[in-house]
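Participant: I have a structure I would like to understand better, so I am pasting it below and will then ask my questions one at a time.
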Amino acid sequence: MRGTDAKMNLLGLERRALEVFFAGSGEKPFRARQVMQWIYHRGVADFDTMTDLGKPLRAWLKNSAEIRLPEVISEQIANDGTRKWLLRMDAANSIETVFIPDEERGTLCISSQVGCAMDCSFCATGKQGFNRNLSTAEIVGQVWVANRLLGAAPGGERAITNIVLMGMGEPLANYRNVLPALGIFLDDFGYGLSKRRVTLSTSGLVPNLLRLAEECDVALAVSLHAPNDALRDILVPINKVHPLAELMAACRHYVRSQDHRHVHVTFEYVMLDGVNDTLEQARELAELVRDIPCKVNLIPFNTFPGTRYRRSPQQVIDRFADYLWQKGIVTVTRRTRGGDIDAACGQLAGKVQDRIRRGERKTRGLVEVRV
Ligand code: SAH
Ligand code: SF4
33 MRGTDAKMNL LGLERRALEV FFAGSGEKPF RARQVMQWIY HRGVADFDTM
83 TDLGKPLRAW LKNSAEIRLP EVISEQIAND GTRKWLLRMD AANSIETVFI
133 PDEERGTLCI SSQVGCAMDC SFCATGKQGF NRNLSTAEIV GQVWVANRLL
183 GAAPGGERAI TNIVLMGMGE PLANYRNVLP ALGIFLDDFG YGLSKRRVTL
233 STSGLVPNLL RLAEECDVAL AVSLHAPNDA LRDILVPINK VHPLAELMAA
283 CRHYVRSQDH RHVHVTFEYV MLDGVNDTLE QARELAELVR DIPCKVNLIP
333 FNTFPGTRYR RSPQQVIDRF ADYLWQKGIV TVTRRTRGGD IDAACGQLAG
383 KVQDRIRRGE RKTRGLVEVR V
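Be aware that the sequence shown starts at 33, since it is given in the numbering used here, and climbs by one per residue.
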């Protein structure tokens, strides 16, 4: 994503900021809308193509601004159609973005940080440690690049119908850059997605969750993973700072603050063999979320080298889910997608890079394409 520091990267500027940028040079605010349509609707990153702008304006833009994008290092396609891209960001950091096609939707799972500082004990990204926050342009750039690689026809049908911030990083720990990115995803002149189609997943940074409730109303997923503080302190260490009572209160507040009906929180719960998967723990979980409109998403643990955890057997997952259903809680077990290319939840850690470094271009179930 290299470029000249002196130039303003227009990618990642929300509409209002872009209007200010144009106003600063005596241009009309509607220029912002025109440029956004070129960038986000038509996938254009070259000022010369923006023919409705007029030559002098284009010349000025080329001089003072740029649309700087992540560089695609590699693409992998899993047997189930899941695609994973390794993208090079500014300062040569690389991150992973995953596209998960389904019958009636296409979900793009994007990263918000290089690594993660939360250190959840069952997560490959957490084990990798924290490097830095991604900029708004780097977050939005993942969607731009994925759209381009998925061959979204200009003005035609979009492959990406949903965006989830469930890749690398804790989005609420990068609040300052994530919030404008959400704005661009929702803006009609940006990606124009409905609030229900953009999901932010958090491990529970309560103060920023409360802020989010005031400033943006995207769908919320909370990584619960344990029904009591003693266990959650071990699995999700941020729990020691913001324990369950605080987190549950913030979830209640989030639901109340939304102005549309049918709002719920999705509680994510990774199924770890013999750790958090007993019926007694299901009972505790049902009790914990009793007064919050919610769904529970059970995630079969995805393994990675060096982990001491194992995935719960399928019948244990089913028994856990059945119990929650009996208690009236809508419970879905997430299908593991892209496991053969390490693109499943919690497996993102730049491992492709290691393979490329070793010169391995093909592995079982993996087609790797240099882009
Ligand atoms: N940092 C955010 C979002 C990214 S992770 C968060 O923690 O919510 C997306 C989901 O995958 C989270 O619920 C996370 O806890 C879960 N996850 C992490 N490691 C996993 C693993 N090895 N197997 C299955 N799910 C995992
Ligand atoms: Fe970070 Fe989420 Fe992984 Fe925890 S589960 S270490 S918050 S990416």
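Idealized CB from N, CA, C, for every residue including glycine.
In this text, all values refer to a predicted model and were calculated from it rather than measured experimentally.
For residue 68, which three-state DSSP category applies?
Facilitator: If DSSP states are grouped into helix, strand and coil, residue 68 belongs with the helices.
Participant: Quick one: any contact between the segment 294-307 and the segment 331-348, if contact means 3 or more CB pairs under 8 angstroms?
Facilitator: Yes, the segment 294-307 is in contact with the segment 331-348.
Participant: Would you mind sorting residue 246 into buried or exposed? The rule is 16 or more other CB atoms within 10 Å of its CB.
Facilitator: Its Cβ having fewer than 16 others within 10 Å, residue 246 is exposed.
Participant: Whose C-beta lies closer than 6 angstroms to the C-beta of residue 344 among residues of the same chain, with five residues either side of it excluded?
Facilitator: Taken in chain order, the residues that qualify are 303, 305, 309.
Participant: Tell me the rounded alpha-carbon separation between residue 215 and residue 152.
Facilitator: Distance between the alpha carbons of residue 215 and residue 152 is about 28 angstroms.
Participant: How would you label residue 257, buried or exposed, when you count the other beta carbons within 10 angstroms and need 16 or more for buried?
Facilitator: Result: buried.
Participant: On the DSSP letters alone, give me the boundaries of the beta strand (DSSP E) that residue 141 sits inside.
Facilitator: 138-141 is the span of the beta strand (DSSP E), which, as asked, contains residue 141.
Participant: So for residue 77, helix, strand or coil by DSSP?
Facilitator: It is coil, neither helix nor strand.
Participant: Restricting to Cα atoms, I'd like to know which of 277, 157, 241 is closest to residue 374.
Facilitator: Selected option, being the one with the closest Cα: 157.
Participant: Quick check on residue 334: does DSSP put it in helix, strand or coil?
Facilitator: If DSSP states are grouped into helix, strand and coil, residue 334 belongs with coil.
Participant: Who are residue 253's beta bridge partners in DSSP?
Facilitator: Looking at the DSSP assignment, residue 253 forms a beta bridge with 233, 298.
Participant: Going by the CB atoms, is the gap between residue 254 and residue 283 shorter than 9 angstroms?
Facilitator: The answer is yes: Cβ separation under 9 angstroms.
Participant: Please classify residue 145 as buried or exposed, where buried requires at least 16 other C-beta atoms within 10 Å of its C-beta.
Facilitator: Its Cβ being crowded by 16 or more others within 10 Å, residue 145 is buried.
Participant: Would you be able to state if there are at least three C-beta pairs under 8 angstroms between the segment 162-173 and the segment 202-221?
Facilitator: A contact exists between the segment 202-221 and the segment 162-173.
Participant: Look at the Cβ atom of residue 197, then the Cβ atom of residue 233, and state whether they are nearer than 9 angstroms.
Facilitator: Yes; because the gap between Cβ atoms is below 9 angstroms, this pair is in contact.
Participant: Would residue 402 be called buried (16 or more neighbouring beta carbons within 10 Å of its own) or exposed?
Facilitator: Any answer about residue 402 is weak, because its pLDDT of 29 lies below 50 and its placement is not dependable; what the coordinates show is given next. Looking at its Cβ environment, which holds fewer than 16 other Cβ atoms inside 10 Å, residue 402 is exposed.
Participant: List the endpoints of the continuous beta strand (DSSP E) containing residue 131.
Facilitator: Note, residue 131: beta strand (DSSP E), 126-133.
Participant: Please report the residue range of the beta strand (DSSP E) in which residue 171 lies.
Facilitator: It is not in any beta strand (DSSP E) - residue 171 instead sits in the alpha helix (DSSP H) that spans 168-181.
Participant: Short of 6 angstroms in beta carbon distance, which residues of its chain neighbour residue 320, apart from the five on each side in sequence? Order them along the chain.
Facilitator: Excluding sequence neighbours, residue 320 sits near 259.
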